[in-house]
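The structure appears below as structure tokens.
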Amino acid sequence: MGGNSPIDPLAADSSCCGVAPCAAPEPRVMAPRVLSPKVLSRRSDFLAANRGIRVSRPGFVLLARDNSGPEGDSGLRFGITVTKRIGNAVVRNRMKRRFRALLREVLPVHGLAHHDHVLIGREGGVERDFALLRGELIAAFERARAGKGDPPRGPRTKGGGKGKIRGDRGASPRKPDAAPPGAPSGGSL
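Numbered according to numbering that gives the first Met the number 0, the sequence shown spans residues 0 to 188.
So, in structure tokens, the structure goes:
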């Protein structure tokens, strides 16, 4: 046999380096795949979400609306709105990044299935602690799931609801020769 010893087939399978038997490799267990939520991009989707459940919190307003319809299910979707009233572009983009990270973390676990979710930023929301925002968002999802939304907003006026739109038609005209109220009456100096 010329110096070569016969190879035991069982010994070769139980040892990878020839020194000690190795443990069998653990089978790979794949975690259940969580689908990432889709992003709302059409204005009509945002307007439709506005007709759904509304839950207000100090840092944001959550809108949730069922998106399953006759054409099929659109799945779990989200959108973010931050108006110019909140601040300049840097502040608005920071708030959107925080909301995006918050939604990607919380929405797959606590979000309403087959719903569109829209977060509207409110003043002071960008300064709030991230853990506090997370707790408020989870509580908002629970209220929306229970159907306990806030009352809908009233109709919006053309002028934004700030005073009269044109002129001061309701006031009575002053007489031109009458002194304004609080002015000294008559007499010369």
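Even for Gly, the Cβ is constructed at its ideal location relative to N, Cα and C.
Using the C-alpha atoms, what's the distance from residue j back to residue i?
i, j, result
"E126", "R84", "15 Å"
"L118", "F59", "6 Å"
"P107", "S43", "23 Å"
"A143", "R50", "13 Å"
"L102", "R93", "14 Å"
"G124", "P57", "7 Å"
"H109", "F140", "7 Å"
"G86", "E122", "8 Å"
"R96", "L132", "13 Å"
"L75", "P36", "5 Å"
"F45", "L39", "7 Å"
"G146", "R64", "11 Å"
"L136", "A88", "24 Å"
"V105", "G78", "14 Å"
"G134", "S73", "27 Å"
Just mark residue i as buried or exposed, buried being the case when its beta carbon has 16 or more other beta carbons within 10 Å.
i, result
"A112", "exposed"
"D115", "buried"
"A100", "exposed"
"T82", "exposed"
"R41", "exposed"
"I164", "Low per-residue confidence applies at I164: pLDDT is 48, beneath 50, and the placement is therefore not dependable, though the value from the model is reported in the following sentence. It is exposed - the Cβ of I164 has fewer than 16 other Cβ atoms within 10 Å."
Please list, in chain order, all residues of the same chain as residue i whose beta carbon is under 7 Å from its beta carbon, the five residues on each side excluded.
i, result
"R53", "V60, L62, G148, D149, P151"
From this set, the options, which residue's C-alpha is nearest residue i's C-alpha?
i, options, result
"F129", "E141, F98, E122, G146", "F98"
"S67", "A88, G120, A48, R91", "A48"
Which residues in the same chain as residue i place their Cβ atom closer than 8 Å to its Cβ, once the five residues preceding and following it in sequence are excluded?
i, result
"G138", "First, the residue type needs correcting, since residue 138 is Ala and not Gly in the sequence shown. So the qualifying residues of the chain are R56."
Residues in the same chain with beta-carbon distance under 6 Å from residue i, minus the five sequence neighbours each way, listed in chain order, please.
i, result
"T80", "I119"
"R91", "V81, I85"
CB of residue i to nearest heavy atom of the ligand GDP: below 7 Å?
i, result
"M94", "Summarising the ligand content, the structure contains no ligands, and the ligand GDP is consequently not present."
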